[in-house]
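First up is the structure itself, then whatever we jot down about it.
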Amino acid sequence: MHLLPALAGLLLGISTLSLQAKPLSLSPGLWEGISEDEMQYKLLQINDSGEHFLYEIHIPSGLRYAKRSAFSDEDISCKENRCTISTVIEEDVTRSLTLSPYLDTSFTALESNYNDNKGLLSTSYRLIKQESSSTPRKFLEKYGTLLNNAERANDEMPYGLWVGILHYLDKPELALLQLYEDRQGSLTVFRKGGTSELAISTQISPENISLQYPIVEITTSHTTFVTHLLLMSESNSVLKGYAYAVHKGVTLDAGEIRLFDITKYLSLN
61 MHLLPALAGL LLGISTLSLQ AKPLSLSPGL WEGISEDEMQ YKLLQINDSG
111 EHFLYEIHIP SGLRYAKRSA FSDEDISCKE NRCTISTVIE EDVTRSLTLS
161 PYLDTSFTAL ESNYNDNKGL LSTSYRLIKQ ESSSTPRKFL EKYGTLLNNA
211 ERANDEMPYG LWVGILHYLD KPELALLQLY EDRQGSLTVF RKGGTSELAI
261 STQISPENIS LQYPIVEITT SHTTFVTHLL LMSESNSVLK GYAYAVHKGV
311 TLDAGEIRLF DITKYLSLN
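Here the sequence shown is numbered in our numbering, starting from 61 and rising by one per residue.
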């Protein structure tokens, strides 16, 4: 057997395949992610029509403030391993959004804003394929009335309605914390992507809330999801700390959490 000709043929085949590699393309669909630097929920909508959108939804407002940027096929350029979307978002500011494949249907996104080739802001986040309506839409459909009622509430710290980001299973996810002095509250986490609502919730009783200002310790009713919250008041409208699960003396998961008081945020803005 002649190994050299066979090896040469194999190398030639690999080289030919490399030369014939097609550029990446963006197929129609919806992707969603969270930019922690900006405290924004990001939605990338690619349409068959060639008119596409990037939505930036402000988390501290309870996802009720949003900005939409439109772009077309002409604004998208793709290579073998990435696609870049370049649009002018202000008079002299250009946004470059570079998408690199992650696993099967997700993207790692690098977003940069610049003018005159000078960088102004850069952030990265993961975009997950959403097969149904977006998580922000589901959130507002389910909790819109609760959010509106929260605007008229006058709860003392730390009671009230809080929204923010919890690191659950090493991923930033949307979180809603309801704390009440006289009735049952809850912690709910909304996971990105999927074909249906991926919400996980646990109940919180008033007697399981311990206050030693500025520390707030909470024990929940769940046995594996989140069993404890250790929070600190960063200001009169922000709580930050850790959420963790302890089962039979073993810590199963722990993640940072940052929450914003919706009522106080709206009164300040």
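Ideal placement from N, C-alpha and C gives every residue a C-beta, glycine not left out.
| Asked | Found |
| --- | --- |
| One or two residues paired with Asn173 in a DSSP bridge | Arg155, Leu181 |
| Backbone CA spacing between Arg124 and Glu92 [nearest angstrom] | 16 Å |
| Own chain partners of Asp242 with C-beta closer than 8 Å, once the 5 adjacent residues on each side are dropped | Pro266 |
| Where Leu206 sits in the DSSP three-state scheme | helix |
| Arg142 - containing beta strand (DSSP E), residue span | Taken as a continuous stretch (DSSP letters only), Arg142 belongs to no beta strand (DSSP E), as it is neither H nor E. |
| Inter-stretch contact at 8 Å, needing at least 3 Cβ pairs: the stretch 160–167 / the stretch 182–192 | yes |
| Which listed residue (Arg128, His307, Glu140, Leu229) has its alpha carbon closest to that of Ile149 | Arg128 |
| CA nearest to the CA of Lys308, picked from Asn209, Ile317, Ser293, Thr283 | Thr283 |
| Own chain residues within Cβ distance below 8 Å of Asp152, not counting five before or after | Asn175, Asp176 |
| From Ala259, Ile264, Lys231, residue whose alpha carbon lies closest to that of Tyr240 | Ile264 |
| Distance between Gly110 and Glu294 (C-alpha atoms, nearest Å) | 44 Å |
| Gln272 burial status per 10 Å Cβ neighbour count (16 or more: buried) | exposed |
| Whole-angstrom distance between Ile136 and Glu98, CA atom to CA atom | 24 Å |
| Buried or exposed (CB count within 10 angstroms, at least 16 for buried), Glu316 | exposed |
| Inter-residue spacing [alpha-carbon to alpha-carbon] between Glu277 and Thr154 | 44 Å |
| Rounded Cβ spacing between Thr280 and Val286 (contact assumed at less than 8 Å) | 6 Å |
| Residue from Tyr101, His112, Gln100 with nearest C-alpha to Ser87 | His112 |
| Glu233, buried or exposed, once every other Cβ within 10 Å from all chains shown has been counted against 16 | buried |
| Backbone secondary structure at Leu163 - three-state DSSP | coil |
| Neighbourhood of Pro196 by C-beta, 6 Å cutoff - its chain only, sequence neighbours within 5 removed | Tyr101, Ile117, Leu123 |
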